[in-house]
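Chemist:
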Amino acid sequence: MKSFLINRYGKGSPLQFSQSPEPELRENDVMVQIHAASVNVLDAKIRDGEFKFVLPYRLPLILGNDLAGVVVRVGAGVQGFKPGDAVYARPNQDRIGTFAQYICVDEADIAMKPRNLTMEEAASLPLVALTAWQVLVERANLRKGQKVLIHAGSGGVGVIAIQLARHIGAFVATTTSAANIDLVKSLGADVVVDYKTENFEEILHDYDVVLNSLDKDTLEKSLRVLKPGGKLISISGPPDPVFAREKSLNWSLRQVVRLLSLRIRRKAKRRNIDYSFLFMTANGAQLARITALIETGDIRPVVDRVFPFEQTNDAMAYVETGRAKGKVVITIQ
Ligand SMILES: NC(=O)c1ccc[n+]([C@@H]2O[C@H](COP(=O)([O-])OP(=O)(O)OC[C@H]3O[C@@H](n4cnc5c(N)ncnc54)[C@H](OP(=O)(O)O)[C@@H]3O)[C@@H](O)[C@H]2O)c1
Numbered sequence: 038m039k040s041f042l043i044n045r046y047g048k049g050s051p052l053q054f055s056q057s058p059e060p061e062l063r064e065n066d067v068m069v070q071i072h073a074a075s076v077n078v079l080d081a082k083i084r085d086g087e088f089k090f091v092l093p094y095r096l097p098l099i100l101g102n103d104l105a106g107v108v109v110r111v112g113a114g115v116q117g118f119k120p121g122d123a124v125y126a127r128p129n130q131d132r133i134g135t136f137a138q139y140i141c142v143d144e145a146d147i148a149m150k151p152r153n154l155t156m157e158e159a160a161s162l163p164l165v166a167l168t169a170w171q172v173l174v175e176r177a178n179l180r181k182g183q184k185v186l187i188h189a190g191s192g193g194v195g196v197i198a199i200q201l202a203r204h205i206g207a208f209v210a211t212t213t214s215a216a217n218i219d220l221v222k223s224l225g226a227d228v229v230v231d232y233k234t235e236n237f238e239e240i241l242h243d244y245d246v247v248l249n250s251l252d253k254d255t256l257e258k259s260l261r262v263l264k265p266g267g268k269l270i271s272i273s274g275p276p277d278p279v280f281a282r283e284k285s286l287n288w289s290l291r292q293v294v295r296l297l298s299l300r301i302r303r304k305a306k307r308r309n310i311d312y313s314f315l316f317m318t319a320n321g322a323q324l325a326r327i328t329a330l331i332e333t334g335d336i337r338p339v340v341d342r343v344f345p346f347e348q349t350n351d352a353m354a355y356v357e358t359g360r361a362k363g364k365v366v367i368t369i370q
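With our numbering as the guide, the letters of the sequence shown map in order to residues 38 to 370.
1) Under 7 Å from any heavy atom of ligand 1, does the C-beta of H188 make it?
2) Could you work out which residue in Q183, F208, P58, E87 is closest to Q138 when comparing CA atoms only?
3) Quick one: Cα of D277 to Cα of K306, how far?
4) How many Å lie between G49 and L100 at the Cα?
5) K89: which of R180, A74, V111, D131 sits nearest, CA to CA?
6) Counting along the chain, where does the beta strand (DSSP E) carrying M68 start and finish?
7) Can you check which of these residues, V194, E357, F344, is closest to Q370 by C-alpha distance?
8) Below 8 Å between beta carbons: does that hold for K184 and D252?
9) Would K76 and V339 be called neighbours here (beta carbons separated by less than 8 Å)?
10) For the stretch 99–157, which segments carrying the alpha helix (DSSP H) assignment without a break, of at least 4 residues, lie completely within its bounds, in sequence order?
11) Determine whether the beta carbon atoms of L167 and A202 lie at a separation below 8 Å.
12) Please list, in chain order, all residues of the same chain as D29 whose beta carbon is under 6 Å from its beta carbon, the five residues on each side excluded.
13) Out of P120, L62, G192, which one is the CA nearest neighbour of G363?
14) Taking C-alpha atoms, which residue in I147, S250, T234 lies nearest to F314?
15) For chain C, find out if any of its Cβ atoms is closer than 8 Å to the Cβ of F90; answer yes or no.
16) Please confirm whether D66 and A319 have their CB atoms less than 8 Å apart.
17) Using a threshold of 7 Å, is the CB atom of G195 nearer than that to any non-hydrogen atom of ligand 1?
18) Note the first and the last residue of the continuous alpha helix (DSSP H) segment covering S223.
19) What is the residue span of the alpha helix (DSSP H) that I301 lies within?
20) From the DSSP secondary-structure annotation, give me the bridge partner or partners of D311.
21) Can you say whether S289 is buried or exposed, counting buried as having 16 or more other CB atoms within 10 angstroms of its CB?
22) I'd like to know whether the C-beta atoms of E332 and R152 end up nearer to each other than 8 Å.
23) Taking only runs that begin and end inside the stretch 167–243, name each unbroken alpha helix (DSSP H) of 4 or more residues, in chain order.
24) Please classify V279: is it buried, with 16 or more other beta-carbons within 10 angstroms of its beta-carbon, or exposed?
25) For the beta strand (DSSP E) containing V279, list its first residue and its last residue.
26) In this structure, how does DSSP classify T368 when only helix, strand and coil are distinguished?
27) If you pair each beta-carbon of the stretch 226–243 with each one of the stretch 156–176, do three or more pairs fall below 8 Å?
28) For ligand 1, any of its heavy atoms closer than 7 Å to the Cβ of Y312?
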């Protein structure tokens with residue numbers, strides 16, 4: 038099958054268009070013919086080697102963390118899916134590879150594709166929607182009437198997180214630049230801070246939750262937005278000791294992680310704020326709940342650009358500009 042892969046880690050190096058063997062179907066797997074995939078910042082970080090200690094992949098590695106497609110075969114133990122089903126998924130982190138014509142995914146990680154979406158729209162969702170769900174619903178336990186700041190509201194995660202927070206009934210503030218203000222308002226943001234002309238930490242106060250996806254500076258300033266007892270949840274780092282334990286990192290890596298997050302954890306503690314890092318995980322059951330919200334129209338995908346499969350490297354480069362409005366998708370089938 039055709040695929041885009043990396044043979045070695047290298048910052049900014051292009052993916053190689055290759056012929057790869059078809060993936061092996063395990064007992065609880067479904068084999069999916071991939072119709073569309075989406076590009077995540079994570080793909081670029083993996084290619085650059087930023088995750089090689091946390092996610093030690095064997096190379097060559099087919100990249101790609103999101104898919105929508107049609108089931109073509111199922112393993113002997115599969116109960117919930119059959120050939121012909123239209124599905125979407127973020128495969129388990131150990132079994133990525135959606136920049137390809139086929140992939141095998143454990144049925145626990147997959148869900149039926151929302152009926153009202155195209156394959157491209159569906160492929161734009163799993164990783165970012167699961168991230169938003171795991172931050173806002175699972176970790177923050179966000180409630181109706183609470184105030185949440187979602188940084189980079191026009192980004193892949195932001196466009197879904199705003200809608201999910203709004204669906205929960207929270208009051209939503211977000212940061213973006215002038216060109217995207219109408220977009221984030223249309224998704225349900227109550228307050229929009231233009232990060233190029235305003236300082237969000239001087240405008241927003243007494244928030245319950247902040248979802249940070251930006252740099253260290255933004256992370257530290259976000260402490261000023263939260264009330265005592267509030268939660269600062271970062272998906273862009275620094276990782277914390279709980280994450281290091283969950284990932285079973287070795288002793289020296291655990292010390293590195295502890296030091297990386299020492300400053301923000303200390304600062305947060307002084308203000309009685311709970312700092313945590315979250316790295317999303319594959320979860321078909323949560324994705325099925327997201328499907329329901331999409332089919333009722335509570336959440337809609339935001340697709341910025343669609344690229345043909347052959348132009349996967351251009352799609353990666355576009356995501357790496359950091360200017361995407363929502364998601365960047367690749368049509369495969
Ligand atoms: N830990 C996890 O599980 C997890 C999961 C998903 C993503 N992430 C991480 O989260 C980060 C964001 O991912 P993403 O997919 O949402 O990124 P993205 O789609 O590439 O974000 C692009 C958007 O960010 C906005 N932006 C850039 N700088 C900004 C700033 N200073 N203030 C406000 N908005 C700004 C841009 O708006 P303008 O054009 O207006 O600047 C653009 O619309 C990445 O580092 C990614 O690796 C982590």
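Every residue gets a Cβ at the ideal spot worked out from N, C-alpha and C, and that includes glycine. In this text the structure is predicted, and so the values were computed from the model without any measurement.
Modeler: Well, looking at it:
1) The residue given as residue 188 occupies position 151 in the sequence shown. Correct: H188 has its Cβ closer than 7 Å to ligand 1.
2) In the sequence shown, the residue the question calls residue 138 occupies position 101. Answer by Cα proximity: P58.
3) Here residue 277 is taken as the residue at index 240 of the sequence shown, counted from 1. Here residue 306 is taken as the residue at index 269 of the sequence shown, counted from 1. Going by the C-alpha atoms only, they are around 14 Å apart.
4) By one-based count along the sequence shown, residue 49 stands at place 12. By one-based count along the sequence shown, residue 100 stands at place 63. Each residue's alpha carbon lies about 14 Å from the other.
5) Position 52 of the sequence shown, counted from the start, is the residue given in the question as residue 89. Of the listed residues, the one whose Cα sits closest to K89 is D131.
6) Here residue 68 corresponds to residue number 31 of the sequence shown, with the count starting at 1. Run containing M68: 66–76, per the beta strand (DSSP E) assignment.
7) Along the sequence shown, one-based indexing puts residue 370 at 333. The shortest Cα separation from Q370 among V194, E357, F344 belongs to F344.
8) Here residue 184 is taken as the residue at index 147 of the sequence shown, counted from 1. Here residue 252 is taken as the residue at index 215 of the sequence shown, counted from 1. No, they are not a contact pair.
9) Numbered from its first residue, the sequence shown carries residue 76 at position 39. Numbered from its first residue, the sequence shown carries residue 339 at position 302. The sequence given here has Val at residue 76, not Lys. In this structure, V339 does not lie closer than 8 Å to V76 by Cβ.
10) none
11) Here residue 167 refers to the residue found at position 130 of the sequence shown. Here residue 202 refers to the residue found at position 165 of the sequence shown. The answer is no: Cβ separation not under 8 Å.
12) Here the chain comprises residues numbered 38 to 370, so residue 29 is not present and cannot be evaluated.
13) Residue 363 sits at position 326 when you count from the first residue of the sequence shown. Residue G192 is the option with its Cα nearest to G363.
14) The residue given as residue 314 occupies position 277 in the sequence shown. Answer by Cα proximity: S250.
15) Going by chain labels, chain C is absent from the structure shown, which holds only one protein chain.
16) In the sequence shown, counting from the first residue as 1, residue 66 sits at position 29. In the sequence shown, counting from the first residue as 1, residue 319 sits at position 282. Result no, Cβ atoms of D66 and A319 do not sit closer than 8 Å.
17) Within the sequence shown, numbered from 1, the residue matching residue 195 stands at position 158. Yes, the Cβ of G195 comes within 7 Å of a heavy atom of ligand 1.
18) Here residue 223 refers to the residue found at position 186 of the sequence shown. Start and end: 218–224.
19) By 1-based counting over the sequence shown, the position of residue 301 is 264. Taken as a continuous stretch (DSSP letters only), the alpha helix (DSSP H) holding I301 covers 299–307.
20) In the sequence shown, the residue the question calls residue 311 occupies position 274. DSSP, once it has assigned bridges, lists K268 as partnering D311.
21) As a first step, residue 289 must be located in the sequence shown, where it is residue number 252. Classification for S289: exposed.
22) For the purposes of this step, residue 332 is taken as the residue at position 295 of the sequence shown. For the purposes of this step, residue 152 is taken as the residue at position 115 of the sequence shown. Going by C-beta atoms, E332 is nearer than 8 Å to R152.
23) 193–205, 218–224, 237–240
24) Mapped onto the sequence shown, residue 279 falls at position 242. Exposed.
25) Position 242 of the sequence shown, counted from the start, is the residue given in the question as residue 279. Not the beta strand (DSSP E): V279 falls in the alpha helix (DSSP H), residues 278–283.
26) Locating residue 368 in the sequence shown gives position 331, where the first residue counts as 1. Three-state DSSP puts T368 in a strand.
27) no
28) In the sequence shown, counting from the first residue as 1, residue 312 sits at position 275. Because no heavy atom of ligand 1 lies under 7 Å away, the Cβ of Y312 does not count as near it: no.
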